[in-house]
Every structure is written in C-alpha cells, then in structure tokens.
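Numbering (this note's numbering), first residue to last: 24 to 187.
Put into structure tokens, the structure is as follows:
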C-alpha cells in the first residue's frame, strides 16, 4: 500500500506529541529496578518498549531527546531522514530506508541523550522504534527552538526547520 491513511486506520495510529502518528505495540512486562539503572533514570523502567510511527509529507518529528537508546527500523513508504545533535553539538543526518546503494540504512540507532528530529523523504514513512530501557514520558524532553538555539547556535538552520 502507498497510502498513509490506510496504515493510520488499519494500525489504529494516534497523533504523537512530537509530530506524526504512533501506536505502542509492545511494553515488556518485566522491570529493571532503579538500583540496576544509570543515575539518569529516576525510577524502575520496563526492559523494552516498541512503537509503530508514521510521518506524512509535510509533517516532522520535532527535536527531542530521551534517556534511552532508540532503535529505528524501516517498514514501508519513502526513506526518512533522522537528524541528531550530540551533546558536543555535532550534527548527523542519516537516511532510514532500503535503497542501500543510495546510502539508506534499514536500521538506525539514536544514542540516549542526543537531540533528534525526523522527516519523511516522500509521501509517508512507516517505521518501528524500539527503546531500551523502555520508554517513559518522564524521560522525554522536547525543548523549544529558543532553548535549542541557546545550546547549539551553530545548528540554527536545522533547529529552525525542525524545532518545536
């Protein structure tokens, strides 16, 4: 199928606060106790979580960061570009997709603590995102454009495009 509406309806996706559409598809029933986690986690966390995530043309996932690594896997549609800014301010742009000859990668890992944003390179992109330790909204941070520009003024062009 090449219609984003089909996937949104059939997969029962909901609007996501950072942009796009999503549905949580997995949340481990087991917890990692706080005492076994890094100090950046304030409480126990599920071992892992996973979502389906869809971006349509004209939408983007605004710059945000989480306290866990996030693994993105391509599922359908056009390739997608993930922009990440490291804590040192280094910008990285990677294409998630299946056209390996053109530099696409079928899987991209965003390290914890990096600010990242994404946009589709076509009509839509459907991906899977797995987070470990599992995602918790208490670990989610979406600063404003102004806040990001204060941290990374050298990345003003990309922040102005994909900031919140």
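Built from N, CA and C at the ideal position, the CB exists for glycine as well.
Mind checking which residues open and close the beta strand (DSSP E) that includes residue 116?
114-119
Note down, in chain order, each residue of its chain lying with its Cβ closer than 7 Å to the Cβ of residue 121, except the 5 sequence neighbours on either side.
97, 127, 129
Which complete beta strand (DSSP E) runs does the segment 128-185 hold, if anything under 3 residues is left out?
130-133, 138-143, 147-155
Answer yes or no: do residue 93 and residue 142 have a C-beta to C-beta separation smaller than 9 Å?
no
What does the alpha-carbon distance come out to for the pair residue 103 and residue 70?
27 Å
Report buried or exposed for residue 178, applying the criterion of at least 16 other Cβ atoms within 10 angstroms of its Cβ.
buried
Considering only residues of the same chain and omitting the five flanking positions on each side of residue 138, which have a CB-CB separation below 6 Å?
86, 88, 108
Would you say residue 154 and residue 73 are within 9 Å of each other, going by their C-beta atoms?
yes
What's the call for residue 56, buried or exposed, on a 16-neighbour Cβ count within 10 Å?
exposed
Are residue 62 and residue 54 touching if we call contact CB-CB under 9 Å?
no
For residue 90, which three-state DSSP category applies?
coil
Residue 119, buried or exposed, once every other Cβ within 10 Å from all chains shown has been counted against 16:
buried
Cβ atoms of residue 42 and residue 78: under 9 Å apart, would you say?
yes
In terms of residues, what are the limits of the alpha helix (DSSP H) holding residue 32?
27-33
Report back the beta-carbon spacing between residue 161 and residue 136 to the nearest angstrom; my notes put them in contact at under 8 Å.
Wrong, their Cβ atoms sit about 15 Å apart, outside the cutoff.
So with Cβ pairs under 9 Å, would you call residue 126 a contact of chain C?
Of the protein chains in the structure, only one exists, and it is not chain C.
Quick one: grab the DSSP three-state call for residue 109.
coil
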